[in-house]
Each structure stands twice: as structure tokens, then as C-alpha cells.
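In our numbering, the protein residues as written are 293 to 363. Positions of the beta carbon are idealized from the N, C-alpha and C atoms, including for glycine. Remember, it's a predicted structure, so these values are computed and weren't measured experimentally. Contents: one structure, followed by commentary.
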Ligand SMILES: [Zn+2]
């Protein structure tokens, strides 16, 4: 999964929107990257989650969702 529209808010915080990124309903997933980690929320079913951002020299940034029960 690639974070396509990464928006930098400040030095420590960025946001991305992943269309069809929600693992539960396939809806749009909003992703916030900060010093505390990567948090995700689905705009459709409000599934909360966390993710790891992996930097890859070739593919760029890759977002790996952490499987978690529905909040
Ligand atoms: Zn969802």
C-alpha cells in the first residue's frame, strides 16, 4: 500500500489519504504521521488503527497497517 498524497503539516506531522485503504470496509483511510507514530482512521466506518511507515529506496514510502480490533 502506498501513501500517495502525503501532506506535510510541520516538521513532525504529516497526513495522507488512502482511497480504499480501510482493511475493514474498503473506504477512504485518513493517515496521520507524527512523532508518536502513525495513526489511521476510516472516514466511513471509523475504524481506528495504527500503521508503520517503511521507507524504501526504490518504492518510496510504504504504509503497513497494524491489524487491530475495531475500536
Ligand atoms: Zn472502514
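Straight-line gap, residue i to residue j (C-alpha atoms, nearest Å)
i: residue 341; j: residue 297; result: 19 Å
i: residue 323; j: residue 338; result: 12 Å
i: residue 347; j: residue 356; result: 11 Å
i: residue 343; j: residue 316; result: 14 Å
i: residue 325; j: residue 349; result: 19 Å
i: residue 359; j: residue 303; result: 27 Å
i: residue 301; j: residue 336; result: 23 Å
beta-carbon residue i near ligand 1 non-hydrogen atom, thresh 8 Å
i: residue 344; result: no
i: residue 316; result: yes
i: residue 319; result: yes
i: residue 339; result: yes
Rounded Cβ spacing between residue i and residue j (contact assumed at less than 8 Å)
i: residue 330; j: residue 310; result: Rounded, the Cβ-Cβ distance is 12 Å, inconsistent with contact.
Buried versus exposed, by CB contacts within 10 Å (16 or more), residue i
i: residue 351; result: exposed
Sequence-distant residues of the same chain with beta carbon closer than 6 Å to residue i, five excluded per side
i: residue 318; result: 312
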